[in-house]
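S.K.:
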Amino acid sequence: MKLLHINASIMGDKSVTRQLSQDIVDHYINENPSAQVITYDLDKNPIPFLSSASFTDKTEQAIAEKTLNDFLESDIIVIGTPMYNFGIPAQLKAWVDRISVAGTTFKYTENGPQGLITDKKIVIASSRGSAYGPETAHLDHQEKHLQSVFGLFGLTGDAVQIIRAEGVNLAPDAAEKEIAKARTKIPALA
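Taking my numbering, the leading residue of the sequence shown gets 29, the next gets one more, and so forth.
1. Quick check on DSSP: helix, strand or coil for residue 68?
2. Please report the residue range of the alpha helix (DSSP H) in which residue 35 lies.
3. Need the endpoints of the beta strand (DSSP E) that residue 87 sits in, please.
4. Let me check you understand the geometry: is the CB of residue 50 closer than 7 Å to at least one non-hydrogen atom of the ligand ADP?
5. Are any of the Cβ atoms in chain C nearer than 8 Å to that of residue 126?
6. Using 8 Å as the cut-off, can you tell me whether the stretch 183–190 makes contact with the stretch 39–51, which would need three or more C-beta pairs spanning the two stretches below that distance?
7. Considering only residues of the same chain and omitting the five flanking positions on each side of residue 74, which have a CB-CB separation below 8 Å?
8. For residue 72, which option in 61, 36 and 59 has the closest C-alpha, if you only look at C-alpha atoms?
9. For residue 196, which of 59, 116 and 43 has the nearest alpha-carbon?
10. Give the DSSP-derived three-state secondary structure of residue 53 in the structure shown.
11. So, at 6 Å on beta carbons, what are the nonlocal neighbours of residue 167 in its own chain, with the 5 sequence-adjacent residues on each side left out?
12. Residues in the same chain with beta-carbon distance under 7 Å from residue 136, minus the five sequence neighbours each way, listed in chain order, please.
13. When you compare only the Cα positions, how much space is there between residue 65 and residue 144?
14. Taking residue 176 as the reference, give the member of 160, 31 and 134 with the closest Cα.
15. Which word fits residue 216, buried or exposed, when buried means at least 16 other C-beta atoms lie within 10 angstroms of its C-beta?
16. Which of the three DSSP states is assigned to residue 218 in this structure?
17. Could you check whether residue 117 and residue 155 sit closer than 8 Å to each other, using their CB atoms as the reference points?
18. Rounded to whole angstroms, what is the Cα-Cα separation between residue 86 and residue 93?
19. Would you kindly report the start and end of the unbroken beta strand (DSSP E) that includes residue 142?
The structure is reproduced here in structure tokens:
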């Protein structure tokens, strides 16, 4: 089994999603001790944003190829992502752009886009400073964005699971309580 671990938080050791995503990775390693783990720290080693140089710069092209291949060759992808300003961190968007490749992860057809990836499991370790209920769900451009991208690839339903710590900034001890609550859901991951 190959597991790809993506960390997008800029908060280092204080990051809720780094803690949760590592707990998820540890869960899978305990289930599969021979698992190969590849880790991307998008804060310390950001992937270049798409630009005109993306088509000519050899170093950038090599990074893009490795990023896509690491995704394609992985069985499980664990993504640690906080919500920043209602969306995913910019450095995670750069990673998403490198794996969203027409003809590889999806294709265009007469009936619209069609996903080409069906053999992966995505687990998103999500954190949010506030809480988002039905009246504020329209502000969620974090989890919904990622579900849309992976849905485009063909990964829907149980192929994409979310372990969420929400409202972590609402009280002094909220983060600890939310992390503990989120951790109770990890053992149920298949």
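Cβ coordinates follow ideal geometry from the N, Cα and C atoms, glycine included.
M.R.: The short version:
1. The three-state secondary structure of residue 68, taken from DSSP, is strand.
2. In the DSSP assignment, residue 35 falls outside any alpha helix (DSSP H) and within the unbroken beta strand (DSSP E) covering 30–35.
3. Careful: residue 87 lies outside any beta strand (DSSP E), inside the alpha helix (DSSP H) at 86–101.
4. For the ligand ADP, the structure offers nothing, since it holds no ligand at all.
5. Here there is only one protein chain, and chain C is not present.
6. Output reads no: the stretch 39–51 does not touch the stretch 183–190.
7. Hits under 8 Å: 119 and 122.
8. Considering only alpha carbons, the answer is 36.
9. Residue 43 holds the alpha-carbon nearest to the alpha-carbon of residue 196 among 59, 116 and 43.
10. DSSP places residue 53 within a helical segment (H, G or I) once states are collapsed to three.
11. Cβ neighbours of residue 167 beyond the five flanking positions: 114.
12. In its chain, beyond the 5 residues on either side, 130 have a beta carbon closer than 7 Å to the beta carbon of residue 136.
13. Their Cα atoms are separated by approximately 23 Å.
14. Scanning 160, 31 and 134 for the CA closest to the CA of residue 176 turns up 134.
15. If you draw a 10 Å sphere on the C-beta of residue 216, you find fewer than 16 other C-beta atoms in it, and that means exposed.
16. In this structure, residue 218 counts as coil in the three-state DSSP scheme.
17. No.
18. Each residue's Cα considered, the two are about 10 Å apart.
19. Counting along the chain, the beta strand (DSSP E) containing residue 142 begins and ends at 140–143.
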